[in-house]
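Yeah, the sequence shown ends on 888 if you go by this note's numbering, and it's all consecutive.
A short write-up of the structure that comes next.
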Amino acid sequence: MKNKYLYIETFGCQMNVHDSEQMAVLLSGVGYQLTDHAQKADLILINGCSIRDKAEQKAFSELGRLLKFKDKNPRLIVGFGGCLAQHLGEKVYGRDKRVDFVFGTHNIHQLPRMVDAVLKERRRVTQVAFSDKIESLGIFAPPPPGSLGAFVSIMQGCNNYCAYCVVPYLRGPEMSRAPEDICNEVEKLTRCGVQEVTLLGQNVNSYGQNTAFDCDFPKLIRLIARIDGIRRIRFTTSHPKDLSDGLVECFQSEKKLCGHIHLPVQSGSNRILKRMNRGYTLEQYLAKVKRLRSVRPTMAITSDIIVGFPGETQKDFEETIDMMEKIRFDSIFSFKYSERKGTAARQLPDKVPEAEKRKRLIRLQNLQNLHTQEKNTALEGSIQQVLVEGRSKNSDLDLMGRTEGWKIVNFRGGSDLIGTLVDVEITRGFLHSLRGKMIES
Ligand code: 5AD
Ligand code: SF4
């Protein structure tokens, strides 16, 4: 049988990246092999993100580019999926009628059947219905050979309805996977050589709520930490309001839990936090950061910040700047507010002009660069435990690995060290990486 090739273009967060891994596994079961070359593909999937307008535009421009391959290969079929497809449903065909099928965030498991229907019946197929159980959550996606890290979905969906965010509408309500299933998957991953798992969910801190099993997020971390072969545990993403004392204790007692937390703050103004429906005040957020740092003083803290949310005045923005000065994040993702259909913020008055948003974003990013550089410089002279991922992009003589705090370190070393944990003395802190020297044991 002729090999059939699959090309997937993924946009957005780690959840989407993991969804794409699962799509590839499912389709390999019906004879499709992944390729990096779209021109070679028999099947192309676009896994789009719709969290902000810019992400949406990017996915559509890529769709247009990829659909052109149909001119040369009329047998090529193209599917559009993920959050963006969930958002638009059949309207995707209105954007480009050459799209063959559309699938939503709860319909990934139906992909082989959809592809089959398109090929056999030569008709369009659309599946965007939500279900009570997300079948694809438990699909085992073995990482590529030699990978040390893997994603594991522990929950999906969100019940928080932050005023700016489309995720609850696109991923549906929170659903957690049973702890036994998660632990089995982690054990299986260790047999493939994985040493570091990143637990994924829209709000991992509310893992286990409203379920029949008696397991919350701290308990799940402890269960995973007991698995031989797992040396590092990470997770993303965390909602500050649900960050419990139990999780803080995990950072104290569980040595395998990496000293890094991504804790999106969004704004430093209580007035804006309230309008965003975030469910915490700045003071509560600061108290949680303090507690985390009291149990792990070297903990890396990263965050998300939105500028120009409707009603954000100069004073509110200055409060965000003050908050950043107080906390000094290791790094942040920062965004201009982007209006999304169906969200509560769309109805709010006092929209901030685009030019003002841009100005605020630049100021915030310049400040963050200073803080990131300051944090990385402060690591000079320290010894960091580094999980060696492979050879460095910069030099053939160097290896590349990550610290517990998710920072890239480049250092001299032989390929035999790939896949091991080594101690590295940091000799120089740059804005986007660290330079180091391995300590021979
Ligand atoms: N506009 C700008 N940023 C947004 N985010 C989510 N929705 C929007 C929006 N409408 C950001 C938040 C979130 C991150 C994943 O994306 O900061 O934490
Ligand atoms: Fe969106 Fe808020 Fe849910 Fe995060 S917690 S996914 S920002 S609604």
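In this text, a Cβ means the ideal position worked out from N, Cα and C, and glycines have one as well.
Inset, instruction - Let me know the secondary structure DSSP gives Glu887 once reduced to three states. - result: coil
Legend entry - Beta-carbon contacts of Lys884 that lie in its chain and below 8 angstroms, excluding the five residues immediately before and after: Phe858, Arg859, Val871, Glu872 and Thr874
Inset, instruction - For Glu851, name the three-state secondary structure that DSSP assigns. - result: coil
Inset, instruction - Indicate the three-state DSSP secondary structure (helix, strand or coil) for Gly541 in the structure shown. - result: helix
Inset, instruction - Could you spell out where the beta strand (DSSP E) holding Thr824 opens and where it closes? - result: Note, Thr824: premise wrong, no beta strand (DSSP E); alpha helix (DSSP H) at Glu801 to Ala825.
Inset, instruction - Report yes if the CB atom of Gly852 is closer than 8 angstroms to the CB atom of Val835, and no otherwise. - result: no
Inset, instruction - Closer than 7 angstroms by C-beta to Leu647: which residues in its own chain qualify, once you throw out the five before and the five after it? Chain order, please. - result: Gln461, Met462, His465, Phe598, Val599, Ser600, Ile601 and Thr683
Inset, instruction - May I ask whether a heavy atom of the ligand SF4 can be found less than 7 angstroms away from the beta carbon of Cys612? - result: yes
Legend entry - Exposure label - His707; buried when at least 16 CB within 10 Å: buried
Legend entry - Counted within 10 angstroms of its Cβ, other Cβ atoms place Glu621 as buried (16 or more) or exposed: buried
Legend entry - N-terminal and C-terminal residue of the beta strand (DSSP E) that Arg838 is part of: Ile830 to Arg838
Inset, instruction - Can you grab the Cα-Cα spacing for the pair Glu643 / Ser653, in whole Å? - result: 22 angstroms
Legend entry - Own chain, CB closer than 6 angstroms to Glu786, minus 5 neighbours either side, in chain order: Arg793
Legend entry - Under the three-state DSSP convention, the category Val644 falls into: strand
Legend entry - Distance cut-off 7 angstroms: Asp751 Cβ against heavy atoms of the ligand 5AD: yes
Inset, instruction - Return yes when at least one heavy atom of the ligand 5AD lies under 7 angstroms from the C-beta of Ile498, else no. - result: yes
Legend entry - Ile555 versus Asp547, Gly528 and Gln480, residue with shortest Cα-Cα distance: Gly528
Inset, instruction - Quick one: which unbroken alpha helix (DSSP H) runs of 4-plus residues sit fully inside the region 716–768? Chain order, please. - result: 717–722 and 729–742
Legend entry - DSSP three-state assignment for Ser623, whether helix, strand or coil: strand
Inset, instruction - Within 10 angstroms of the Cβ of Tyr611, are there 16 or more other Cβ atoms? Answer buried if so, exposed if not. - result: buried
Inset, instruction - Would you kindly check if the distance between the Cβ of Asp489 and the Cβ of Leu514 is under 8 angstroms? - result: no
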